[in-house]
Amino acid sequence: MAKQTNVQYTEESIQVLEGLEAVRKRPGMYIGSTDARGLHHLVWEIVDNAIDEALQGFGALITVKIYPDNSVEVSDNGRGIPTGKHKSNGLPTPQVIFNTLHAGGKFDSNGGYKVSGGLHGVGSSVVNALSEYLEVTIHREGKIYYQKYSNGGKNIEKPKWLGDTRKTGTIIKFKPDGKIFSSTIFDYKTVATRLKESAYLIKGLKIDLIDLRNNQSDSFHYEHGIVEFVKSLTASKKAIHEPAFISGEFNGIYIETAILYCSNSYSESVLSFVNNIRTHDGGTHEVGFRTALTRAFNDHARMIGALKDKDPNMEGADIREGLTAIISIRVPENLLQFEGQTKNKLGTPDAKTAVENIVYENMRFFMAEKGEIANTLINNALRAAKAREAARKARDEARMVKQKTSKPANLLGKLIPPQFANPKVNELFLVEGDSAGGTAKQGRDSVFQAILPLRGKVLNTEKIKIDEVLKNEEIVSIINTIGAGFGQDFDINKCNYNRIIIMTDADTDGAHIQTLLLTFFFRYMTELIEAGKIYIATPPLYKVVIKANTYYAWTDEELREIIGHHNNVSIQRFKGLGEMSTEQLWETTLDPARRTLIQVKLGEYGVADNRVSVLMGDDVEPRREWIENNVVFDFEDNFTLEDKEDDE
Ligand code: 28F
Numbered sequence: 057m058a059k060q061t062n063v064q065y066t067e068e069s070i071q072v073l074e075g076l077e078a079v080r081k082r083p084g085m086y087i088g089s090t091d092a093r094g095l096h097h098l099v100w101e102i103v104d105n106a107i108d109e110a111l112q113g114f115g116a117l118i119t120v121k122i123y124p125d126n127s128v129e130v131s132d133n134g135r136g137i138p139t140g141k142h143k144s145n146g147l148p149t150p151q152v153i154f155n156t157l158h159a160g161g162k163f164d165s166n167g168g169y170k171v172s173g174g175l176h177g178v179g180s181s182v183v184n185a186l187s188e189y190l191e192v193t194i195h196r197e198g199k200i201y202y203q204k205y206s207n208g209g210k211n212i213e214k215p216k217w218l219g220d221t222r223k224t225g226t227i228i229k230f231k232p233d234g235k236i237f238s239s240t241i242f243d244y245k246t247v248a249t250r251l252k253e254s255a256y257l258i259k260g261l262k263i264d265l266i267d268l269r270n271n272q273s274d275s276f277h278y279e280h281g282i283v284e285f286v287k288s289l290t291a292s293k294k295a296i297h298e299p300a301f302i303s304g305e306f307n308g309i310y311i312e313t314a315i316l317y318c319s320n321s322y323s324e325s326v327l328s329f330v331n332n333i334r335t336h337d338g339g340t341h342e343v344g345f346r347t348a349l350t351r352a353f354n355d356h357a358r359m360i361g362a363l364k365d366k367d368p369n370m371e372g373a374d375i376r377e378g379l380t381a382i383i384s385i386r387v388p389e390n391l392l393q394f395e396g397q398t399k400n401k402l403g404t405p406d407a408k409t410a411v412e413n414i415v416y417e418n419m420r421f422f423m424a425e426k427g428e429i430a431n432t433l434i435n436n437a438l439r440a441a442k443a444r445e446a447a448r449k450a451r452d453e454a455r456m457v458k459q460k461t462s463k464p465a466n467l468l469g470k471l472i473p474p475q476f477a478n479p480k481v482n483e484l485f486l487v488e489g490d491s492a493g494g495t496a497k498q499g500r501d502s503v504f505q506a507i508l509p510l511r512g513k514v515l516n517t518e519k520i521k522i523d524e525v526l527k528n529e530e531i532v533s534i535i536n537t538i539g540a541g542f543g544q545d546f547d548i549n550k551c552n553y554n555r556i557i558i559m560t561d562a563d564t565d566g567a568h569i570q571t572l573l574l575t576f577f578f579r580y581m582t583e584l585i586e587a588g589k590i591y592i593a594t595p596p597l598y599k600v601v602i603k604a605n606t607y608y609a610w611t612d613e614e615l616r617e618i619i620g621h622h623n624n625v626s627i628q629r630f631k632g633l634g635e636m637s638t639e640q641l642w643e644t645t646l647d648p649a650r651r652t653l654i655q656v657k658l659g660e661y662g663v664a665d666n667r668v669s670v671l672m673g674d675d676v677e678p679r680r681e682w683i684e685n686n687v688v689f690d691f692e693d694n695f696t697l698e699d700k701e702d703d704e
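Residue numbers (the working numbering): 57 to 704.
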């Protein structure tokens, strides 16, 4: 065991120290990892304790300060941690909280995270164990208690009384241990995003964030909580009504949900949280929510005669068109169950019952009370059902024609297929314009590369309904060429290609076409993006010939570098793909060994969703701005033949 100084020895405290040592030996068990993610986890642990205190009704202000040396201070104005002697061992209670490892790690053996939610202090000792030092200051019962731990909690200073106070609350300052973490630099945006989310989920709670490294700050405070959350997610869309706010408790599970329908968006986005932690993969609470919404809509529609006895029920997907919703539930620890690889899916069966009951009842009430709005929403759902029916017919027709047998031109467009069907290797280039399509046809490796030339502008799929999307020839040929269906029926296993590569001119029109295609993939083939199968090709801007050597430049800076001090230089600027020769296109843009591809990725779902709306919705100005700034999606460069082999 490590050397100790200044310790109040008891049998217990030796036990305690061994406990914290366990955290340092296997940090992953307690905070998941020791990279940037794990580092930020320390802040969440401390902030969660402050939030728990606020949730119990004590304090409504939490302040997070990042110091220039990347130490962090979190303070709340709750009751303050009790400072008396703990009954278990006679040590000061704060010392028990910060130097005792509470039973069981927060991460199970699969690395999944177990939510604390509602129980103070479980993670405080873990933070102490992984810090160079940790200072506790408590304002309580008129006095200020101060205690400092250092070296992962191994050195425990004697508590001090710093004087009198009229305030109450807890202040924790800690510096993550550089011997444990691969990075000890906090990312402002990561911290801000998480704190903002917490502030949305707990109405009335104010969270201030102050970064003393560069004097940035933010203050998050939402009097209307998730109602404001749902409004912010739909800021660029046209709301049909004021958000419906539903809350209630059932069998010890507390539920809040905010529901908002928008008229100029046909997608759905439902964000769910359990004990303030995002459940990315949904679970029983989301199932309960969807079931309730579907039942409420159908029952109300029958009550007002919008659905007759002979009519079939509307389907859930129709009822969720244009829906944005937040579901936030609190589940007592003993009922919590998480599933899936990343433990991001709620398994608690009671959560389905609870959410279903409360949402159904309140939604019926909402629809009865707001008859006009209910009529609009039901009419929209009925229209969606009709569109779905039309889409199904169109799909059935498309399915009749199998790829590999010769397809009518209108279904596959002008596809130039590869010689062999090999979904694990084949690449599909979506190419702007017939003439560039022709060059690409000549320049490609015909064994595995397919070319689909697109004429004219692709449709803006954000603003129109499925049945209209399916009238667009370019879109239909893309769907059929990929061969995996679209929307709810999309099945990535049927995808005919390993990579789908958007290849446009490097100009404003090209950027616009990229955006339109990405919007289409985002709305109707999200999985392709999630699976990392969508790419953007990057043709060069310049060709430079110096003596007998040819170079390509992708930026003006590169061009200057290449030219250097040479004076007999010929420079060709490519205005479009069509200006390149077949060899040039192969060398720079098609050849897996030499090209650079940008892999399109999704950020946080809500963020990506809002961004697509800004780009493609009715507001022209934000769109223009975006196009001028070009591609915003995340980048990943340099895909070569080697990494293609990795995929198999
Ligand atoms: C900056 C981080 O950790 N705030 C906390 C409290 C308040 C109580 C508490 C915490 C007592 C015996 C466990 C006060 N008065 N902010 C925080 N605020 N913990 S942590 O109690 C912990 C229990 O063992 C508190 C009455 N009851 C509870």
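Yeah, the Cβ is synthetic: ideal placement off N, Cα and C, and Gly gets one too.
Tell me whether the region 142–150 and the region 239–259 touch, counting them as touching only if at least three CB pairs, one residue from each stretch, are closer than 8 Å.
The region 142–150 is not in contact with the region 239–259.
Just list the residues that DSSP pairs T313 with in beta bridges.
In the DSSP output, where bridge partners are listed per residue, T313 has I302, I383.
At the level of alpha carbons, what is the spacing between I683 and G88?
Since pLDDT at I683 reaches only 40, below the 50 mark, its modelled position is unreliable, and no value is offered.
Taking only the alpha-carbon atoms, compute the straight-line gap between A381 and H568 and give it to the nearest angstrom.
One C-alpha to the other measures close to 30 Å.
Between the region 489–503 and the region 527–546, can you find at least three pairs of beta-carbon atoms closer than 8 Å?
No, because fewer than three Cβ pairs between the region 527–546 and the region 489–503 fall closer than 8 Å, the two stretches do not touch.
Beta carbon of S187: closer than 7 Å to some heavy atom of the ligand 28F?
The answer is no for S187.
Whole beta strand (DSSP E) runs in the region 200–272 with 3 or more residues, listed along the chain?
Whole beta strand (DSSP E) segments, 3+ residues: 216–220, 225–232, 262–267.
Is any non-hydrogen atom of the ligand 28F found closer than 7 Å to the C-beta of S254, if you look at the structure I gave you?
Flag unset: Cβ of S254 not near the ligand 28F.
Quick one: what does DSSP say G94 is sitting in, helix, strand or coil?
Note: G94 maps to helix in three-state DSSP.
Candidates A441, G219, V128: which alpha carbon is nearest P232's?
Answer by Cα proximity: V128.
Going by C-alpha to C-alpha distance, which of Y202, A92, A78 sits closest to I137?
Comparing Cα-Cα distances from I137 to each of Y202, A92, A78, the minimum goes to Y202.
Mark T611 as exposed unless 16 or more other C-beta atoms lie within 10 angstroms of its C-beta, in which case mark it buried.
Under this definition T611 is an exposed residue.
By alpha-carbon positions, which one of L111, V183, I200 ends up nearest to Y310?
It is L111.
For L190, list the residues DSSP reports as bridge partners.
Per DSSP, Y205, F230.
Quick check: the Cα distance between S303 and A106, rounded to an integer number of angstroms?
About 23 Å.
Within the same chain, show all residues whose beta-carbon is closer than 7 Å to that of A447, passing over the 5 residues directly before and after it, in chain order.
Closer than 7 Å at Cβ, skipping near neighbours: I522, D523, L526.
Measure the C-alpha to C-alpha separation of E586 and V625 and round it to an integer number of angstroms.
C-alpha separation (whole angstroms): 44 Å.
Which of the three DSSP states, helix, strand or coil, is assigned to Y169?
Since pLDDT at Y169 reaches only 38, below the 50 mark, its modelled position is unreliable, and no value is offered.
Does the distance from the C-beta atom of R420 to that of A314 stay below 8 Å?
No, the pair does not count as a contact, with Cβ atoms beyond the cut-off.
Is any heavy atom in the ligand 28F found nearer than 7 Å to the beta carbon of R135?
Yes, the ligand 28F has a heavy atom inside 7 Å of this Cβ.
Taking the alpha-carbon positions, what's the E371 to A291 distance?
Roughly 27 Å separates the two Cα atoms.
Would you decide whether V601 is buried or exposed? Buried here means 16 or more other CB atoms lie within 10 Å of its CB.
Exposed, by the Cβ-count rule.
Contact between the region 631–643 and the region 572–583: three or more CB pairs below 8 Å?
Segments in contact, no.
State the start and end residues of the unbroken beta strand (DSSP E) segment that holds T119.
Segment 117–122, the beta strand (DSSP E) holding T119.
Consider the C-beta atom of P138 and the heavy atoms of the ligand 28F; say whether any pair is separated by less than 7 Å.
Checking every heavy atom of the ligand 28F against the Cβ of P138, one is found closer than 7 Å.
Nearer than 7 Å: is that true of the beta carbon of N105 relative to any heavy atom of the ligand 28F?
For the ligand 28F, at least one heavy atom lies less than 7 Å from the Cβ of N105.
In three-state terms, what does DSSP make of T611?
It is coil, neither helix nor strand.
Given a cut-off of 8 Å on the beta-carbon distance, is the pair I654 and Y591 in contact?
Yes, the Cβ-Cβ distance between I654 and Y591 is below 8 Å.
Between T139, G140, A185, which lies nearest to N155 when the distance is taken from Cα to Cα?
The shortest Cα separation from N155 among T139, G140, A185 belongs to A185.
Report, in whole angstroms, the separation of the C-beta atoms of S384 and L257, which I expect to be a contact under 8 Å.
Rounded, the Cβ-Cβ distance is 5 Å, consistent with contact.
Please list, in chain order, all residues of the same chain as N354 whose beta carbon is under 7 Å from its beta carbon, the five residues on each side excluded.
Closer than 7 Å at the Cβ level, and outside the excluded window around N354, lie L363, N369, M370.
Let's test the definition: count the other Cβ atoms within 10 Å of the Cβ of I241 and tell me whether it reaches 16, buried, or not, exposed.
By the neighbour-count rule (16 or more Cβ atoms within 10 Å), I241 is not buried but exposed.
Helix, strand or coil, according to DSSP, for D274 in the structure here?
Of the three classes helix, strand and coil, the one that applies to D274 here is strand, per DSSP.
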